[in-house]
Amino acid sequence: MSPAATPIAFIDLAAQRRRLGARLDQAMLRVVDHGQYIMGPEVRTLERQLAAFTGARHVVTCANGTDALTLVLMAWGIGPGDAVLVPSFTFVATAEAPALLGATPVFCDVEPDRFTLSPESLERGIAAARALGLTPRVVIPVDLFGQPADYRRLAPIAAAHGLRVLADAAQGLGATLDGRAVGTLADATATSFFPAKPLGCYGDGGAVFTEDDALAETLGSLRLHGKGSHKYDNARIGVNSRLDTLQAAILIEKLSLFGEELAARAAVAGRYTAGLAGVATVPAVVAGATSAWAQYTLRLPDRARVAAALQAEGIPTAIYYPVPLHRQPAYQAFPADPAGLAVSDRLAGEVLSLPMHPYLDPVTQDRIINAVLRVATTS
Ligand SMILES: *Cc1c(COP(=O)(O)O)cnc(C)c1O
Numbered sequence: 001m002s003p004a005a006t007p008i009a010f011i012d013l014a015a016q017r018r019r020l021g022a023r024l025d026q027a028m029l030r031v032v033d034h035g036q037y038i039m040g041p042e043v044r045t046l047e048r049q050l051a052a053f054t055g056a057r058h059v060v061t062c063a064n065g066t067d068a069l070t071l072v073l074m075a076w077g078i079g080p081g082d083a084v085l086v087p088s089f090t091f092v093a094t095a096e097a098p099a100l101l102g103a104t105p106v107f108c109d110v111e112p113d114r115f116t117l118s119p120e121s122l123e124r125g126i127a128a129a130r131a132l133g134l135t136p137r138v139v140i141p142v143d144l145f146g147q148p149a150d151y152r153r154l155a156p157i158a159a160a161h162g163l164r165v166l167a168d169a170a171q172g173l174g175a176t177l178d179g180r181a182v183g184t185l186a187d188a189t190a191t192s193f194f195p196a197k198p199l200g201c202y203g204d205g206g207a208v209f210t211e212d213d214a215l216a217e218t219l220g221s222l223r224l225h226g227k228g229s230h231k232y233d234n235a236r237i238g239v240n241s242r243l244d245t246l247q248a249a250i251l252i253e254k255l256s257l258f259g260e261e262l263a264a265r266a267a268v269a270g271r272y273t274a275g276l277a278g279v280a281t282v283p284a285v286v287a288g289a290t291s292a293w294a295q296y297t298l299r300l301p302d303r304a305r306v307a308a309a310l311q312a313e314g315i316p317t318a319i320y321y322p323v324p325l326h327r328q329p330a331y332q333a334f335p336a337d338p339a340g341l342a343v344s345d346r347l348a349g350e351v352l353s354l355p356m357h358p359y360l361d362p363v364t365q366d367r368i369i370n371a372v373l374r375v376a377t378t379s
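Numbering (our numbering), first residue to last: 1 to 379.
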């Protein structure tokens with residue numbers, strides 16, 4: 001590493017923390033002092049603000065994004081004998097939630113340019129599930145790397161086969177499709193506030209968005225041990241999955257910057273694309289969509305060489321995801337699209353994510369772009 005090459009952060013949470021300053025300290029102290037650590041007033045305030053931000057009718061927070069997925073599947077009564085269609089190229093939680101409930105995740109392929117669930121593969125996955133004697137009940141499209149999945153084409157397929165759509169928007173909160181916000185594009189939408197997500201807290205957190213009054217009420221009960229009309233009335237078997245009041249207070253402060261941060265992420269993505277489109281396959285955002293740019297992910301046939309060269313210059317990269325779920329030891333026995341998952345397999349060997357956060361300044365970003373250009377053009 002040359003002396004000028006100071007290390008670059010992959011995600012610079014410290015820059016955001018400096019910007020939030022004393023406001024954030026005070027928000028946390030208010031909770032410490034009022035003492036309502038569980039289901040305190042900030043939780044409801046955050047839910048209302050997230051509903052206003054997305055235009056969703058209901059927001060129910062919970063302990064993490066994986067629980068957000070699981071709680072919706074529980075509320076819909078998903079279990080043994082049911083098939084839940086999921087992409088293979090995603091974070092494990094997308095398939096873990098249905099598997100944990102005894103349902104069968106059925107792996108489908110993704111589209112090569114935008115990385116989200118392929119409608120053609122979904123059709124084949126539904127037929128394959130039926131042929132196995134399973135009842136296809138839910139599809140979980142993933143807003144991978146921040147871009148909304150192709151709900152315009154996926155929703156009619158789901159409707160034609162009687163499936164509900166649960167959006168995994170752990171990476172997609174803040175994105176839009178045809179002017180509608182993620183959170184309103186599916187029967188229910190799950191998101192995560194894990195620190196590295198576009199809207200992250202300082203621990204674990206998650207939320208569900210829905211237009212469905214009855215679903216919102218059931219979720220509100222399930223996250224509190226299946227609570228009925230009062231604390232010691234147990235209407236159903238639930239779980240303990242609440243968002244801490246302290247995390248809600250932190251998220252309220254971060255949400256106030258989120259719109260600006262999304263614009264800054266889009267500017268960073270635009271600079272990467274302008275600089276790198278000639279030497280790598282850059283991520284495509286479909287017409288009519290905006291991305292939350294949770295990740296900026298290139299496709300490079302010689303990824304290892306590029307990653308090593310960047311590493312030597314103090315530029316971190318990451319691989320999301322090196323092994324598709326249908327090849328994971330815990331998941332390889334589950335059914336998949338009989339036509340194969342060739343795109344998921346290929347992407348796992350080619351993707352490389354570059355540093356991406358709202359505080360990546362143009363000078364630092366030029367260093368990254370120039371380093372990629374140098375390695376990609378020497379072989
Ligand atoms: C992060 C993530 C989750 C899980 O969120 P947690 O809050 O970590 O439980 C689920 N799906 C996808 C696609 C994710 O990226």
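We treat Cβ as the ideally placed atom computed from N, Cα and C, and that holds for glycine.
- In the same chain as S221, and ignoring 5 residues on each side of it, the C-beta atoms closer than 8 Å to its own belong to K227, G228, A235, R236 and G238, in chain order.
- At the C-beta level, F258 and P105 stay beyond 7 Å of one another.
- Given a length threshold of 4 residues, each whole run of the alpha helix (DSSP H) inside the region 319 to 376 is given here in chain order: 342 to 350.
- Closest in alpha carbon position to P148, among Q171, Y359 and L132, is Q171.
- Between A175 and V165, the beta carbon gap of about 16 Å keeps them out of contact (Cβ cut-off 8 Å).
- Shortest gap from the CB of F91 to any heavy atom of ligand 1: under 6 Å.
- Going by DSSP, V84 is part of the beta strand (DSSP E) stretching over D82 to P87.
- Remark: the C-beta of A170 is in contact range of ligand 1, defined as less than 6 Å to any heavy atom.
- The C-beta of R242 has 16 or more other C-beta atoms within 10 Å across all chains shown, which makes the residue buried.
- Distance from the CA atom of S121 to the CA atom of L100, rounded to whole angstroms, is 24 Å.
- Just so you know, the alpha carbons of I157 and R137 end up roughly 12 Å apart.
- Under the three-state reduction of DSSP, T66 is assigned to helix.
- Counting C-beta pairs with one atom in each stretch, the region 198 to 217 and the region 245 to 257 have three or more that are closer than 8 Å, which means they touch.
- Beta-bridge partners assigned by DSSP to Y296: L354.
- At least one heavy atom of ligand 1 falls within 6 Å of the beta-carbon of V142.
- For the pair A196 and D168, the CB atoms are not nearer than the 7 Å cut-off.
- Bounds of any alpha helix (DSSP H) do not take in D168; it lies within the beta strand (DSSP E) bounded by R164 to D168.
- Measuring C-alpha to C-alpha distances from V110 to each of A103, P119 and P283 identifies P119 as the nearest.
- Between D12 and H230, the C-beta gap is not smaller than 7 Å, which leaves the two residues out of contact.
- Proximity of the beta carbon of T66 to ligand 1 is indicated: a heavy atom of the ligand is located closer than 6 Å.
- Remark: the C-beta of G183 is outside contact range of ligand 1, defined as less than 6 Å to any heavy atom.
- When secondary structure is reduced to three states using DSSP, L224 falls in the strand class.
- Taking V268 as the centre and dropping the five residues before and after it, the same chain places the C-beta of W293, Y296, M356, H357, P358, L360 and Q365 closer than 8 Å to its C-beta, in chain order.
- Assigned with DSSP and collapsed to three states, T245 falls in helix.
- Judged by DSSP in its simplified three-state form, I250 adopts helix.
- Inclusion of T281 and R299 in the CB contact set at 7 Å is warranted, their separation being smaller than that value.
- Judged by the Cβ position, F194 qualifies as a neighbour of ligand 1 at the 6 Å threshold, a heavy atom of the ligand being closer than this.
- Bounds of any beta strand (DSSP E) do not take in V31; it lies within the alpha helix (DSSP H) bounded by L13 to H34.
- In terms of side-chain proximity, the C-beta atom of T189 is found no nearer than 6 Å to any non-hydrogen atom of ligand 1.
- Only residues of its own chain outside the window of five on either side were considered, and among them P316, A318 and P355 have a CB closer than 7 Å to the CB of F10, listed in chain order.
- Cα atoms of R346 and T273: separation of roughly 21 Å, rounded to the nearest angstrom.
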